[in-house]
Amino acid sequence: MMKRLLITGAAGGLGTMARKRLSHLAETLRLSDIVPMGEAAPNEEHVVCDLADGAAVEELVKGCDGIIHLGGVSVEKSYDLIEAGNIRGVYNLYEAARLHGLPRIVFASSNHTIGFYPQSQRLTADMPTRPDGWYGISKVYGEAVAHMYHEKFGQETAILRIGSCFEKPVDRRMMATWLSYDDFVSLMERVFTVPKLGCATIWGASANTCGWWDNSHIGWLGWKPKDDSEVYRAEVEALPPRPADAPDVLYQGGKFTADPVFRD
Ligand code: NAI
Ligand code: 15L
1 MMKRLLITGA AGGLGTMARK RLSHLAETLR LSDIVPMGEA APNEEHVVCD LADGAAVEEL
61 VKGCDGIIHL GGVSVEKSYD LIEAGNIRGV YNLYEAARLH GLPRIVFASS NHTIGFYPQS
121 QRLTADMPTR PDGWYGISKV YGEAVAHMYH EKFGQETAIL RIGSCFEKPV DRRMMATWLS
181 YDDFVSLMER VFTVPKLGCA TIWGASANTC GWWDNSHIGW LGWKPKDDSE VYRAEVEALP
241 PRPADAPDVL YQGGKFTADP VFRD
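Residues in the sequence shown are numbered from 1 upward in steps of one, following the numbering used here.
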């Protein structure tokens with residue numbers, strides 16, 4: 001069991017779930033976000049700070065022996081917002097980790113690093129990235145930071161390319177990209193107990209029958225996702241049909257591939 005596990009982005013969708021479901025991993029959960037996170041449970045420490053603030057992030061990381069980095073901009077936004085949360089934020093986090101004992105990190109990357117691949121293609125983790133916007137580019141950058149800090153300093157990171165981590169799949173694309181909360185939790189348990197993690201890229205998807213991503217390279221991790229989106233098939237197929245040329249039908253990144261470059 002870890003002494004102190006930091007979860008950034010703790011006020012967000014995934015952070016709120018992780019806070020409830022991962023308290024068994026550490027004696028203390030240090031939770032952080034740019035907005036308040038509600039009342040602190042007895043085993044929680046709350047730190048409100050901007051990931052773009054280097055001094056604050058250094059203080060935040062000090063004393064932690066694991067980090068689940070969920071904080072930052074999570075959809076396509078203006079470059080300036082993405083730069084603060086996801087570019088400078090990741091720089092600050094990895095520098096703080098380097099200065100404070102290299103705690104193991106889970107980096108919440110995204111399927112939008114490869115969003116422009118067609119849905120007809122099956123992907124392995126070593127294929128070139130095809131980001132579908134500035135958000136996806138910021139995640140490609142974060143993955144590169146993780147690799148460089150591993151090669152140069154031995155920093156371990158689970159680069160988790162999350163598909164769609166929500167309670168259930170709500171459209172046809174999500175039948176392939178869905179990551180259940182239970183499978184997310186079992187993955188975090190493996191990441192923080194496996195003796196050697198290195199800097200592995202992991203597709204964050206459940207055992208979906210119609211999935212697109214090949215995780216056969218991470219057998220050593222011992223993660224066995226259990227859920228399959230097929231149980232929601234009838235619900236999803238009852239939705240109105242989508243045009244054959246819609247981005248959410250053509251591309252793995254779905255609608256993000258059609259987002260403009262937001263200027264403000
Ligand atoms: P979310 O948007 O609900 O949560 C992100 C949190 O980060 C928010 O609470 C926000 O206040 C905080 N944040 C934003 N900018 C910040 C800054 N400058 N400083 C400090 N905190 C800041 O997103 P969600 O869905 O919980 O996702 C968590 C992470 O997982 C994100 O990094 C996202 O990119 C990634 N991800 C999530 C997926 C999903 O299906 N939920 C899919 C792929 C990636
Ligand atoms: C993401 O990267 C987003 O953070 C999340 O909100 C979803 O849009 C997800 O990808 C997705 O592609 O479904």
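The beta carbon of each residue, even a glycine, is placed where N, CA and C say it ideally should be. In this text, all values refer to a predicted model and were calculated from it rather than measured experimentally.
Check your understanding: Distance, Cα to Cα, Gln-121 vs Ala-55?
Key -> 43 Å
Taking just the CA atoms, how far does Pro-36 sit from His-69? Going by the C-alpha atoms only, they are around 17 Å apart.
Could you tell me whether any non-hydrogen atom of ligand 2 is closer than 7 Å to the CB of Met-174? Correct: Met-174 has its Cβ closer than 7 Å to ligand 2.
Exercise. What residues in its chain sit with their C-beta under 6 Å from that of Cys-199, if we drop five residues either side in the sequence?
Worked result: Ala-146, His-147, His-150 and Thr-157
**Prompt:** For Leu-22, which residues of its own chain have a beta-carbon under 8 Å away from its beta-carbon, when the five flanking residues on both sides are left out?
**Reply:** Residues Leu-5, Ile-7, Leu-29, Ile-68, Val-185 and Met-188 of the same chain have their beta carbon placed closer than 8 Å to that of Leu-22, with the five preceding and five following residues left out of the count.
Checklist entry - What first and last residue would you give for the alpha helix (DSSP H) that runs through Asp-65? => result First-last for Asp-65: undefined, no H or E at that position.
For this session: Taking all protein chains shown into account, decide if Gly-9 is buried (16 or more other Cβ within 10 angstroms of its Cβ) or exposed.
Result: buried
Check your understanding: What are the uninterrupted segments assigned as beta strand (DSSP E) that are 3 or more residues long and contained completely in the segment 28 to 92, given in chain order?
Key -> 44 to 48 and 66 to 69
Exercise. Say yes only if the C-beta of Asp-264 is nearer than 7 Å to one or more non-hydrogen atoms of ligand 1, and no if none qualify.
Key: The beta carbon of Asp-264 sits no closer than 7 Å to any heavy atom of ligand 1.
### Query
Three-state secondary structure (DSSP) at Pro-241?
coil
### Through-space distance from Ala-144 to Met-174, alpha-carbon basis
26 Å
* To do: Quick one: measure Cβ to Cβ for Pro-103 and Gly-66, integer angstroms, because I've assumed they're closer than 8 Å.
  => 5 Å
Beta carbon of Gly-254 nearer than 8 Å to that of Asp-245
No Cβ-Cβ contact shorter than 8 Å links Gly-254 with Asp-245.
- Item | Limits of the unbroken beta strand (DSSP E) element including Phe-107 | 104 to 110
Requested in this report: Count the other C-beta atoms from every protein chain shown that fall within 10 angstroms of the C-beta of Leu-99, then say buried if there are 16 or more, exposed otherwise.
Outcome: exposed
Exercise for the section: Could you tell me how far apart the beta carbons of Ser-74 and Phe-262 are, in whole angstroms, since I believe they sit closer than 8 Å? Expected result: Incorrect: roughly 14 Å between the Cβ atoms, too far for contact.
Under three-state DSSP, which class holds Ala-12? Note on residue identity: the sequence assigns Gly, not Ala, to residue 12. DSSP places Gly-12 in coil when its eight states are reduced to three.
If I follow the unbroken beta strand (DSSP E) through Thr-257, where does it start and stop?
Segment: none, Thr-257 is in no beta strand (DSSP E) and carries neither H nor E.
Check: For the candidate residues Ile-162, Glu-58 and Pro-131, whose alpha-carbon lies nearest to that of Phe-335?
Finding: Any answer about residue 335 is impossible in this case: the structure gives the chain only from 1 up to 264.
Straight-line Cα distance separating Leu-31 from Arg-19: 8 Å
Buried or exposed for Lys-3, going by 16 or more other Cβ atoms inside 10 Å? exposed
(message) For a quick check, are the C-beta atoms of Leu-179 and Gly-204 less than 8 Å apart?
(response) yes
key: Given Ala-125 as reference, the closest of Gly-133, Ser-110, Gly-72 and Ala-11 once Cα atoms are compared   = Ser-110
Who pairs with Cys-165 in a beta bridge, going by DSSP?
Its beta-bridge partners are Leu-179.
On the DSSP bridge list, what partners appear for Gly-204? Partner(s): Ile-162.
Classify Ser-206: buried if its beta carbon has 16 or more other beta carbons within 10 angstroms, exposed otherwise. buried
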